[in-house]
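Asks: Here it is: the structure, laid out below.
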Amino acid sequence: MLAINVALTGNPNTGKSTIFNALTGARQHIGNWPGVTVDKKVGQITKGNKQINIIDLPGTYSLSAYSLEERIVKDYLVGEKPDMVVNVVDASNIERNLYLTVQLLELAIPIVVNLNMMDDAKAKGYNINLAVLSKHLGVSVISSVATSKNGLRQLIDLLEPAVVTPPKVKESQLLAEHLAHIEKIKKSGKEDDLIEEEIIEARYDFINKVLSGAIVKNEGVVSWNEKLDNILTNRVLGIPIFIAIMYMMFELTFTWFGQPIADMLDAFVGGTLTGWVEGKLVAAGAADWLQSLVIDGIIGGVGGVLVFVPLIFTLFFLISFLDGTGYMARVAFIMDRAMRKIGLSGKAFLPMLVGFGCSVPAIMGARALDSERDRRVAILIAPFMSCGARLPVYALFAALFFPGSESKVVLSLYLLGIVVAIMMGVIFKVTLLKGEAEPFLMELPPYRIPTMKTVLLQTWEKGKGFLVKAGTIIFSMSVVIWFLSNFNFSGMVEIEDSLLASIGGVIAPLFTFHGFASWQSGVAVITGILAKEVVVSTLGVLYGVAEVAEEAVDAATQLQGSIGTIFTSLSAYAFMVFILLYTPCMAVLGTIKKELGSWKWTLFAAAYPFVLAWLISLVIYQGGLLLGFGG
Amino acid sequence: MLTLKDIKPGQSAVVESVKVTGQARGRFMAMGIMKGAKLKVVKVAPLGDPIEVLVKSYNLSFRKTEAEQIVVTLG
C-alpha cells in the first residue's frame with residue numbers, strides 16, 4: 001500500500017490537536033521524539049488504496065529553534081521531509097499565526113494552509129477572503145471549524161501529493177518579492193543578529209501586505225472573552241477566584257469523585273479480586289508460596305498503587321479541561337511573581353500544587369515548562385510537596401504522640417515540605433542546573449470551551465503513561481519486596497526472620513542518632529519506597545497488629561502498646577519528617593525515569609532526598625534533645 | 001525615554017526600539033514585538049508582575065524586566 005506522510009504544524013492554541021484527533025480518531029499512537037520527552041503523535045487515515053500517516057508536530061510560534069519544540073519541528077521538516085505539510089492557522093489570530101506560515105513558504109515545501117476557528121474570526125469581526133489569501137501566499141487555503149468538524153472533509157480531499165505543490169511563486173507577485181527581499185538581506189553581509197532582525201521585519205511586512213488585500217476587519221466588538229478575563233484576572237478578584245477554582249479541583253479529585261472510586265477499587269482489589277484469585281489458586285492446588293506471591297506480592301503491591309489511578313485520571317481530566325479553556329495560562333500569569341521568588345516561572349505553579357495530591361501528575365505536569373532546566377528543577381523538588389499518601393502516616397503518628405494538637409503537627413510537616421522544596425529549588429538553580437534565566441513570554445489564549453474528545457484523549461494519554469511505565473517498575477519492585485519479606489537463605493520464613501528484616505536491621509543503625517533505630521522502622525522505610533502509605537501497614541504487621549484500622553485514631557489505639565514504647569514524641573516527629581522528605585515512592589521514580597529519560601537523574605532523584613531527609617531529621621532530633629524535648 | 005513599563009493599563013503605545021538582548025530578542029520579535037508595532041497594555045497581574053499586552057490582535061504576557069527594555073512612544 002502506498003503511504004504518504006503529512007505533518008501538521010501550527011501555533012499552540014490553534015485547534016491543531018482537535019483536527020488531529022478528529023482526523024485520526026482511535027488510530028493514533030503517542031510516544032516521545034527520539035531522546036526527548038516531547039509527545040510524538042502519529043495517526044493514520046486510509047484513503048482509497050493509500051495510507052496517510054499524519055504526524056502532529058509540537059505547537060510552535062516559529063521555526064527559529066528558540067525552544068526544544070521548535071528544534072524538533074525544524075529538524076523534522078528539514079531532515080525527514082514529509083510529503084506535505086498542513087499548516088493550521090487560527091483565523092482569529094491570523095496576523096501572528098501567518099509568521100510560521102511565511103517561514104514554511106520560505107522552505108519551499110508543499111503546504112496547505114488550513115484557516116481554523118473561522119467562527120471565532122467572524123465573531124471578532126474579521127471577514128477573510130480565502131481566494132485572495134491563497135493567491136498571495138501561492139498555496140491552497142481552506143477554512144474549518146474543527147470543533148464541529150466543518151471543513152475537515154475538504155482537508156482530507158487535499159491530502160494528495162499530486163494536488164499539493166510547493167508554493168507557486170510565479171503566480172504570487174507578493175511572495176516572489178518577499179523571497180527576493182529575504183535573499184537580498186541574507187547576502188547583505190551584515191552581522192548575523194542584524195540579518196535575523198531584518199528578516200523578521202520583512203516577514204511581518206509581507207504578512208501586512210498579504211492581509212491588507214485579504215481581510216476586512218470590523219473591530220470594536222467587545223467580546224465576552226474580554227469581559228470574562230476582566231473578572232478572572234482582576235486585580236482584586238483574580239486570586240480569590242483562582243483559589244476557589246483550585247479548591248474545587250481538589251475537592252472533586254479527593255472528596256467527591258476520585259477518592260470514592262479509589263476506595264471502591266481498593267475494596268474490589270483487596271476483597272473480591274483477592275478472594276477470587278485465592279479460590280482459583282487453592283482449587284488449582286498451587287503451593288503456599290505461589291499463593292502468597294500472587295496475592296500478597298503482586299495483587300497487594302500493584303493493587304496498592306492501582307488505587308491511585310482514579311485519582312490521577314480525575315486530576316488529569318480536570319487539568320486537561322482547564323487547560324483547554326485557556327485558564328491555565330492565566331494561572332501562570334497570576335502566579336508568576338510568586339514563583340519567580342523561588343527561581344521558577346509561573347508555569348511551574350500548577351505542577352507544584354498538584355504535588356499535594358500526588359507527585360506523579362505533578363512531575364508529568366512539569367512538561368508545561370519552557371526550558372529543560374526549569375523542568376528538571378521542578379521534577380526534582382515536586383516530591384517534597386506532601387502527597388496524599390503521606391497523610392495516613394502523619395495522621396497515625398500525630399494521633400499517637402500529639403493528641404490534641406494533631407492539625408498543628410500535620411500542618412508543620414506540610415510547611416516543612418514547602419520550605420525544603422523552595423530551598424532545594426534555589427540551590428539547584430545556582431549549582432547543578434545553573435544558567436541564564438529564561439524570559440517569561442506567554443500567549444494568553446482566548447477562553448474557549450474545549451471539546452470533550454480532546455480532553456478525554458489528553459487525559460488518557462497522560463494516564464496511560466503512568467499505568468504502563470510506572471506499572472512495570474511497581475510490578476517488579478512488588479515482587480522483589482515480597483521475596484525479601486518472605487524468604488531468607490534457609491527458605492520461606494516469617495517476616496521477623498526474613499531478608500527484609502535483616503536489611504531493616506542493617507539500615508537501622510543509620511538512625512541511631514535519630515531516635516528510631518529499630519529494625520521495624522528500617523523495614524518501614526524500605527517498604528515506604530514502594531508506596532508511602534504502606535509505612536503504616538508495615539508497622540502494623542511488624543508490631544503484630546493483623547489489620548491496621550483505616551481511621552488514624554483507631555489505629556493509634558491498636559498500636560499504642562507497641563509503637564508507643566519504641567518512639568518518643570520527639571523521635572516520632574523526626575520519623576515523620578524523614579518519611580516526608582526521603583526517597584519518593586516507586587510510582588514517582590517510575591514517572592521520573594519516564595520524564596527525564598535518564599537513569600542517572602532518576603538515581604539522583606532517589607538518593608539526594610534520602611540524604612537530605614537523614615540530615616534534617618537528625619537536626620530535628622538532636623536539636624530537640626538539646627532543647628529538652630526528649631520526653 | 002519612555003519604556004513599556006511606564007505605560008498604564010488601557011493606554012496604547014508604538015514601539016520605538018527593542019533593547020532586549022540575546023536569544024530573547026528574536027523570540028520577542030517573532031511574537032510581534034518589534035519596531036513600529038502598535039501595543040496596548042491590557043493589565044498588570046494581581047501581584048504586580050507580569051503585564052498583559054495586546055499586540056497584533058492577540059494577548060501576550062511578559063515581565064516588567066523585559067517591558068523596561070522596550071522603548072515606546074505614546075500613541
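Residue numbers (the UniProt record's numbering), protein chains in the order written: chain A, 1 to 631; chain B, 1 to 75.
Note that the Cβ used here is the ideal one computed from N, Cα and C, for glycine as well.
1) Output yes if chain A places a C-beta closer than 7 Å to the C-beta of Pro46 of chain B; else output no.
2) Cα-Cα, which of A:Met576, A:Pro260, A:Ile449 is closest to Arg390 of chain A?
3) Looking at chain B, is there any beta carbon in it that lies within less than 7 Å of the beta carbon of Ser62 of chain A?
4) Roughly how many angstroms separate the alpha carbons of Ser223 of chain A and Asn116 of chain A, rounded to a whole number?
5) Name, please, each residue of chain A whose Cβ falls closer than 7 Å to the Cβ of Ser57 of chain B.
6) Leaving out five residues before and five after Ile299 of chain A in sequence, what residues of the same chain have Cβ atoms less than 7 Å from its Cβ?
7) Quick one: is Leu415 of chain A buried, meaning 16 or more other Cβ sit within 10 Å of its Cβ, or exposed?
8) Give the range of the alpha helix (DSSP H) segment to which Ala389 of chain A is assigned.
9) Just how far apart, CA to CA, sit Glu198 of chain A and Leu581 of chain A?
10) Going along chain A in order, which residues have a C-beta closer than 8 Å to the C-beta of Gln23 of chain B?
11) Looking at the structure shown, is Ala606 of chain A part of a helix, part of a strand, or coil, going by DSSP?
12) Quick one: what's got a C-beta closer than 6 Å to Ala7 of chain A's C-beta in the same chain, skipping five residues either side?
13) Does the CB of Glu443 of chain A have a neighbour CB from chain B at under 7 Å?
14) Looking only at C-alpha atoms, which of A:Phe578, A:Val536, A:Ser569, A:Ser571 sits nearest to Leu559 of chain A?
15) Count the C-beta pairs between the segment 352–364 of chain A and the segment 372–385 of chain A that are closer than 8 Å, then say yes if the count reaches three, no if not.
16) Which chain B residues are close to Phe440 of chain A, counting only those with a beta carbon under 7 Å from its beta carbon?
17) Listing by chain order, which chain B residues have their CB less than 7 Å from the CB of Ala399 of chain A?
18) Have a look at A:Leu400, A:Phe349, A:Pro392, A:Pro403 and flag the residue whose alpha-carbon is nearest the alpha-carbon of Val377 of chain A.
19) Return the first residue and the last residue of the alpha helix (DSSP H) that Ile422 of chain A is part of.
20) Could you tell me the alpha carbon to alpha carbon distance between Met423 of chain A and Ile342 of chain A, rounded to whole angstroms?
21) Just to confirm the assignment: which complete alpha helix (DSSP H) runs, minimum length 4, are found wholly within the segment 138–218 of chain A?
22) Taking only beta-carbon atoms, is Glu16 of chain B less than 7 Å away from chain A?
23) Specify the secondary structure class of Asp90 of chain A as computed by DSSP and reduced to three states.
24) Residue range of the beta strand (DSSP E) that Ile245 of chain A falls in?
25) For Asn87 of chain A versus Ile111 of chain A, is the C-beta spacing smaller than 7 Å?
26) For Ala7 of chain A, which residues does DSSP report across the bridge?
27) Hey, is the segment 438–450 of chain A in contact with the segment 57–64 of chain B, meaning 3+ C-beta pairs nearer than 8 Å?
28) Say whether chain B places a C-beta atom closer than 7 Å to the C-beta of Asp205 of chain A.
Replies: Judging by the given coordinates:
1) yes
2) A:Met576
3) yes
4) 19 Å
5) Asn93, Glu95
6) Val269, Leu273, Thr274, Val277
7) exposed
8) No alpha helix (DSSP H) holds Ala389 of chain A; DSSP gives it neither H nor E.
9) 52 Å
10) Tyr66
11) helix
12) Ile55, Leu57, Pro82, Val85
13) yes
14) A:Val536
15) yes
16) Pro50, Phe62, Arg63
17) By Cβ distance, chain B contributes nothing, its closest Cβ being about 38 Å from Ala399 of chain A, past 7 Å.
18) A:Phe349
19) 406–430
20) 8 Å
21) 152–158, 173–186, 192–214
22) no
23) strand
24) Run containing Ile245 of chain A: none in the beta strand (DSSP E); it sits in the alpha helix (DSSP H), 238–251.
25) yes
26) A:Ile55, A:Val85
27) yes
28) no
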